[in-house]
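Going by mature numbering (1 follows the signal peptide of the UniProt record, and there is no 0), the letters in the sequence shown line up with residues -29 to -1, 1 to 784, in that order. The beta carbon of each residue, even a glycine, is placed where N, CA and C say it ideally should be. The block underneath contains the structure these notes are about, expressed in structure tokens.
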Amino acid sequence: MDPRAFAFCRRSWHVRFVMFSALWGSAFTVTRYSIPEETAERTVVAHLAADLGLEARSLAERNVKLDYIHSKKYLDINKETGEMLITEKIDREHLCPAKTSSSCFLKMDVVIENPLRIFNLELEIMDINDNAPQFRRERIPLDISESAKPGEKFSLTNAVDADVGENSIKTYFLSQSEEFTIEIQTGSDGTKYVDLVLQAPLDREKQTVHSLILTAVDGGTPARTGTATIIVKVLDTNDNTPQFDRQVYSVDLVENAPVGTLVMQLNATDTDEGTNAEVAYSYTLYTSEKTQEKFSLNPKSGEIRVKGVIDYEEMRSFEMYVEAKDKAITPLSVQCKILVFITDLNDNYPDITVKSFKSSVKENARTGTVIAVVSVSDRDSGDNGKVFLSLHDAEVLPFLLNKSSEDYFELTVKDPLDREKNSSYEITLHVTDRGTPPLTDSETFSLEILDVNDNAPVFPQSFYTIHLRENNEPGELLCSLTAHDPDLNENQYLVYFIVEKEISNTSVSMLFSVNPENGNLHALRAFDYEREKEFLFHIEARDSGVPPLSSNATVHVIILDQNDNAPQIVSPWRAHDSVVDQVISRAADQGSLVAKVIALDVDSAQNSRVTYQFLQVTDSSLFTLDHYNGEVRTARMFTYRDPKDQRLVIVAKDNGDPPRSATVTIKVSTVEQVVVTQLTETTEMPMEFDLFTDLNLYLLLSLGSVSFLLLITILVIIVLKCQKPKPSKAAVHGRNSVTSQRNSTIGDSTLISSDAYWYSLFLAETRKGKVVVRQPLPNGSGFIVSSIPRSVAFTTTSESRSSTLQESSSDLP
């Protein structure tokens, strides 16, 4: 700002201050100043102390300050000089944005303390032309139809200027144009408005766009301007119809095309512009609803896309009628026809339909029996619809697939069926079409083979050997004879029974029992090996089929021996638990046979082997006992020191487990010079014959007494003769005579090689009153049996001899 002008302003405002003071006096004073906006900082506005009548040196003491009202602190007081300074540039447009008034005041109070005084100040901010006019939009677009008449007005956006008064907008200018001009109008508040006026007809074909420059000028000095560009677009009138390049379109589309697949894009052109050239596409009423469900039409782009599932088997072609219409107020339209032909794909699997099926068949079904009737089909066409049916694993299955008619097949029995090998079959049929690539489907069903009673029961073995110990418990389980029948149900249910047979006049069912349900074989009674050694019979297993089938097994029951019988002493013979008396000459040689113990055991094998032992003996050095044949012999000759009577207790023990035994007590008495027939090792006498009658008993007692006296006499003679040097031959003569006598009386000698024959001969001869003697041959091939008249036997033997014969005769088989 010009300093001279500023000084003039100060002088003028100072005069105002004097005038207000004279008017209001000391009660209330208002001091008003004015400055242009944008005044530089530290510029002195006024000498406030002088204007207020204060001394500058007292301002600091009295604490002078400016109090602003609703504004920033733009001014301050220099307390030393009393001057009021600008501390910040003042923008009038910012301080007073409203343009309702051209005046803009900054109000403040000067507060002085000690004493308190308040002065009101008003600072008027004067406008300067510091703002240029501005349009709200730099580009002003206008659409004007080419049919608009000259003289038509079009409102434009006016410019604004932050300055006021003369500095605000004064006028507008338009760039040179033959078609347009402007018209300026002033509002009630002084605001300038501008309109664009058409002064010549528009021709879109000549020029579609007009670009104009609008300039706003304010009234400041110097003047400021602002510009905006007016873009006038000439709008066309709807005088052209949209056009397709063809009236009929033909399109090929593969079936099962994915949803969204582009079928085709329509393109209708319109030589108009704007909305007159914008085309919208739509189906006409001639397009069926089903077609519209399969295809979508974009109304803006004209794209036809797949909307639903396209199935050649459902529809092989589609017809669409599409209309293209522009968007003019009075629209124009055109139509076209679209033919869509569907190309077949091999997208349908061949189908198998079971028309008739037997879920079960008997295993004895005949060859050629029909099990199932099936049909095949394929919805595709051409080679895609031609199918081939096959049976899976046809080489191993007993079935055959035959074509009965077009698309019909029969599944029949090819080979005999056997449920015991295969009780069921999983039959799978495969069907394949001739498409590329081929499609295949399959159908699987189960066939159950029903059982027929075609299998007889079978025992694991045809011959059973059962070993059973004698004395078994009645009802004891011998064996489980379980047969197997591979059939089912009643054809498999077996019943067991014993095939009737008599064994020793006794029915087998009285001896054994078989459980009819499980084949368990039981013994009904206890068996005795000594009576029954084995049984042979048959067990039959019969199923419950119709007709029933059966098979049998042979059972051989062998009774095993147990050591259940003790040995029986048959020689020497004695009454029950009595002592056997045996007489022997005291002159008997060493090794002479004293007695022979014979024990029989009816058991077998080891249980019947008998051995002999001394249980008690008076003098163990005098006798020996053969453990195997039971012969008691003298171990040495008798002496005068040996007791006359010797007591022997012999036990016969078998070889069983545990062993059993029997005992016999023999009283051996020694006599002097008894004429006794020497018993050889091979002399054996039969056992049970009636030799002792009552009369014979008395005779034997008498003979025994005489023999005893004779023996004493012989002993006395022997003692006397022993004193002489010549030996006595009496004893030897006695032996020889007896032997000679026995040999002379033997008659009816017979060579025997069988024990059974020997035993029968023994019984026959004893019934005739004869004594039977058995003598083995030296080579062991047999023995000689001789019968002796009973009278001769008694004359040549003593009572001791008779007893000895009875004991030795017990060696029977």
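Whole-angstrom C-beta distance between residue j and residue i, which should lie under 8 Å
i	j	result
V1	E54	The pair is not a contact, with the Cβ atoms about 20 Å apart (cut-off 8 Å).
E123	L183	With 8 Å as the limit, E123 and L183 do not qualify as a contact, their Cβ atoms being about 15 Å apart.
K250	D297	In the sequence as presented, Lys is not what sits at residue 250; that position holds Val. The pair is a contact, with the Cβ atoms about 6 Å apart (cut-off 8 Å).
S139	G197	Not a contact, Cβ separation roughly 12 Å.
P213	S304	7 Å
T605	S563	5 Å
Q561	R607	5 Å
D537	R631	Looking at the sequence shown, residue 537 is not Asp but Ala. Their Cβ separation, rounded to whole angstroms, is 4 Å, which keeps A537 and R631 in contact under 8 Å.
Q533	E441	5 Å
L145	I202	About 14 Å separates the two Cβ atoms, so there is no contact after all.
Cut-off 8 Å between Cβ atoms - residues of its own chain near residue i, not counting five sequence neighbours on either side
i	result
V222	V234, M235, I309, L310, V311, F312
V485	L452, Y467, F468, I469, N491, L492, H493, I510
P302	N209, K296
N227	V280, I281, D282, L316, D318
S433	A524, T525
E264	K278, G279
Nonlocal neighbours in the same chain, by C-beta distance under 7 Å from residue i, ignoring five residues either side
i	result
L173	I115, E117, A119, E150, V205
L586	V620, I621, V622, T634
Q577	N626, G627
S725	For S725, the predicted model reports a pLDDT of 44, less than 50, meaning its position is unreliable; a value from the coordinates is still stated below. Cβ neighbours of S725 beyond the five flanking positions: none.
P519	R513
S327	A343, V344
D572	N536, P538, N578, S579, V581, D625
G136	S73, D98
V687	none
Range covered by the alpha helix (DSSP H) that runs through residue i
i	result
K261	260 to 265
A20	19 to 23
R63	63 to 66
Limits of the beta strand (DSSP E) - the one that residue i falls within
i	result
R276	274 to 277
R580	First-last for R580: undefined, no H or E at that position.
T410	Here the sequence assigns Leu to residue 410, which means Thr is not the residue at that position. Segment: none, L410 is in no beta strand (DSSP E) and carries neither H nor E.
R401	Just to set this straight, residue 401 is His in the shown sequence, not Arg. Looking at the DSSP string, the run of the beta strand (DSSP E) that includes H401 is 395 to 404.
V554	551 to 556
Q178	That residue, Q178, is in no beta strand (DSSP E); it is neither H nor E in DSSP.
H493	491 to 494
D616	616 to 625
D38	36 to 39
Y283	Premise fails: Y283 is in no beta strand (DSSP E) and is neither H nor E.
G191	Per DSSP, G191 belongs to no beta strand (DSSP E) and is neither H nor E.
V230	Run containing V230: none; DSSP gives neither H nor E here.
D532	No beta strand (DSSP E) holds D532; DSSP gives it neither H nor E.
S288	288 to 297
K567	564 to 567
T52	Note, T52: premise wrong, no beta strand (DSSP E); not H, not E.
Q432	Note, Q432: premise wrong, no beta strand (DSSP E); not H, not E.
K78	76 to 83
R3	1 to 7
Same chain only: Cβ atoms within 6 Å of residue i, ignoring 5 sequence neighbours per side
i	result
R333	Rather than Arg, the amino acid found at residue 333 in this sequence is Lys. So the qualifying residues of the chain are L421, V423.
S394	I420
R496	P445
V479	I469, K472, F508
V341	E381, T383
S715	In this prediction, S715 has a pLDDT of 32, which is less than 50 and means its spatial position is unreliable; nothing more can be read from the coordinates.
A(-3)	Caution applies to A(-3), whose pLDDT of 36 falls short of 50 and renders its modelled position unreliable; the model cannot decide the point.
K615	T641
S515	E461, Y464
R107	T128
Residue i Cβ short of 8 Å to the ligand PLP heavy atom set
i	result
S376	Looking for the ligand PLP in the displayed structure turns up nothing, as the structure carries no ligands at all.
Test: residue i CB closer than 9 Å to a CB of chain D
i	result
F90	Of the protein chains in the structure, only one exists, and it is not chain D.
Check whether the stretch 404 to 415 and the stretch 317 to 331 are in contact - that is, three or more C-beta pairs closer than 8 Å.
Touching, yes, given that three or more Cβ pairs across the two stretches are closer than 8 Å.
Is the number of C-beta pairs between the stretch 3 to 13 and the stretch 92 to 100 that are closer than 8 Å three or more?
yes
Report the start-end ranges of each beta strand (DSSP E) in the stretch 455 to 487 that is 3 residues or longer and not cut off at the edges.
465 to 470, 483 to 485
Can you list the beta strand (DSSP E) stretches of 3 or more residues lying completely in the stretch 96 to 164, in chain order?
110 to 116, 124 to 126, 140 to 145, 151 to 157
Going residue by residue through the stretch 338 to 404, where are the continuous beta strand (DSSP E) segments of at least 3 residues, counting only ones entirely within it?
341 to 348, 358 to 362, 370 to 376, 379 to 384, 395 to 404
Does the stretch 516 to 530 come within contact of the stretch 538 to 556, defined as at least 3 CB pairs closer than 8 Å?
Judged by pairs of C-beta atoms under 8 Å, the stretch 516 to 530 does not touch the stretch 538 to 556, as fewer than three such pairs exist.
Per the contact definition of three or more C-beta pairs closer than 8 Å, is the stretch 28 to 45 in contact with the stretch 73 to 93?
yes
Three or more C-beta pairs closer than 8 Å, one from the stretch 240 to 256 and one from the stretch 285 to 293: is that the case here?
yes
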